[in-house]
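Peer 1:
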Amino acid sequence: MNAQVAVVQMVSSDVLADNLAHAGSLLAQAAAGGAQLALLPENFALMGRDEKAKLAIMEMDGDGPIQSWLAAQAQRFGLWLIGGSIPLAAPDGRCYAACLAFDPAGQRQARYDKIHLFDVDLAGGESYRESRTIAPGSTPVAVTTPWGQLGLSICYDLRFPELYRSYAGAELLVVPSAFTQQTGAAHWECLLRVRAIENQAYVLAADQGGLHQNGRQTFGGSMIIDPWGQVLARMDLGEGVALAQVDMEFLRRCRSNLPALQHRRQAFGGASQALPT
């Protein structure tokens, strides 16, 4: 079964209501373009003026206005909606960066908590310490969709191929992100394309893309990539939607003609693993 899929690019602000309104308009565009599955970027609901801002809007798991909004949008537009990342309360006072997947009935089907946290010092004095406000997740999560298994990840996870290898066999991989301009210019596209190639899967990557009120510049470049590593749709900067067709027959041909996933050796962790749900 084929599908029309969409990646939504935003330039989120520090005003929750404005961000939800913008995201709703962009999801309407995606639905009008025939999207059956849509991906929002990391931090779609809030790009605060400091790292602690997210703690002021964090919700308890299963109960909160952002979670209710996601469920309502999935139902309103009748699509699978992957909710980028939102802050859900952690036991130690920090939050988890949680990616939630909703089906077209508005029912939540999966939650993934970002495992790898962006604690880095970049050139030019650009510095981030996500671990100060975000608690790391520990478990890869895949969700069953009408088009096969979909492996969840968030932003900095992209640099850790072992996470995606744990999803080996999944037809779809999603990477909601807020990549910096500096790291995005150097690594964004090549990392995304190699994840598609090595896992012979479609990769959907929705990024933040512009200058935010907190002074942070995100890269943009949201894209959809096929299992051969070809970029099917791409955006530059600014808000918008990129759409492409996911062709499951093409995916099967890629895996049949070049059965790399079957050629993995046991000595290197090549044994098949059940995908968690």
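For the sequence shown, position 7 (counting from the first letter as 1) is numbered 8 according to the working numbering, and the numbering increases by one without interruption.
Note that beta-carbon positions come from the ideal geometry of N, C-alpha and C, so glycine has one too.
All figures in this text were calculated on a predicted structure; none of them were measured in a lab.
1) Using 8 Å as the threshold, is the C-beta distance between residue 34 and residue 74 below it?
2) For residue 96, which residues does DSSP report across the bridge?
3) Curious, which full-length alpha helix (DSSP H) runs of at least 4 residues does the stretch 125-202 contain?
4) My guess is that residue 30 and residue 223 are in contact by the Cβ rule of under 8 Å, so how many angstroms apart are they, rounded?
5) Using the DSSP secondary-structure output, state which residues sit across from residue 81 in a beta bridge.
6) Tell me whether the beta-carbon of residue 59 lies closer than 8 Å to the beta-carbon of residue 89.
7) Could you check which residue in 217, 14, 102 has the C-alpha nearest to that of residue 63?
8) Within its chain, find whatever has a CB closer than 7 Å to the CB of residue 106; leave out the 5 residues flanking it on each side and keep chain order.
9) Are the CB atoms of residue 51 and residue 116 nearer to each other than 8 Å?
10) Report yes if the C-beta distance between residue 156 and residue 43 is below 8 Å; otherwise report no.
11) Taking the CB atoms as reference points, tell me whether residue 100 and residue 136 lie closer together than 8 Å.
12) For residue 68, does the count of other Cβ atoms within 10 angstroms reach 16, so buried, or fall short, so exposed?
13) Looking at the structure shown, is residue 263 part of a helix, part of a strand, or coil, going by DSSP?
14) Can you have a look at residue 264 and say buried or exposed, based on whether 16 or more other CB atoms are within 10 angstroms of its CB?
15) Using the Cα positions of residue 249 and residue 93, report the straight-line distance between them to the nearest angstrom.
16) Quick one: grab the DSSP three-state call for residue 225.
17) Among residues of its own chain, excluding the 5 on either side of residue 144, which ones have a beta-carbon nearer than 8 Å to its beta-carbon?
18) Out of 229, 245, 128, 32, which has the shortest C-alpha to C-alpha gap to residue 218?
19) The ligand NAD heavy atoms versus the CB of residue 194: any closer than 7 Å?
20) What does DSSP give as the partner residues of residue 240 in its beta bridges?
21) Can you tell me where the alpha helix (DSSP H) holding residue 33 begins and where it ends?
22) What does DSSP give as the partner residues of residue 76 in its beta bridges?
Peer 2: Let me lay it out:
1) Not a contact, by the Cβ cut-off of 8 Å.
2) Paired residue(s): 90, 135.
3) Qualifying alpha helix (DSSP H) stretches, in chain order: 162-166, 190-200.
4) Not a contact, Cβ separation roughly 13 Å.
5) Bridge partners of residue 81 according to DSSP: 38.
6) Cβ atoms of residue 59 and residue 89: closer than 8 Å.
7) The residue with the shortest Cα to Cα distance from residue 63 is 102.
8) Correct list, in chain order: 76.
9) Cβ distance not < 8 Å, so residue 51 and residue 116 don't count as in contact.
10) Remark: C-beta atoms of residue 156 and residue 43 approach each other more closely than 8 Å.
11) Taking C-beta atoms as the reference points, residue 100 and residue 136 fail to come closer than 8 Å.
12) It counts as buried.
13) Reduced to three states, the DSSP call for residue 263 is helix.
14) Taking every protein chain shown into account, the CB of residue 264 has fewer than 16 other CB atoms within 10 angstroms, so this residue is exposed.
15) If I take the Cα positions, the gap works out to 43 Å.
16) In the three-state reduction of the DSSP assignment, residue 225 falls in the strand class.
17) Cβ contact annotation for residue 144 (same chain, cutoff 8 Å, sequence separation greater than five): 102, 110, 111, 150, 151, 153, 278, in chain order.
18) When only C-alpha atoms are compared, the closest one is 128.
19) Absence of the ligand NAD is noted for the structure shown, with no ligands found whatsoever.
20) Per DSSP, residue 240 has no beta bridge partner at all.
21) Run containing residue 33: 17-33, per the alpha helix (DSSP H) assignment.
22) The partner list for residue 76 (beta bridge, DSSP) is empty, contrary to what the question assumes.
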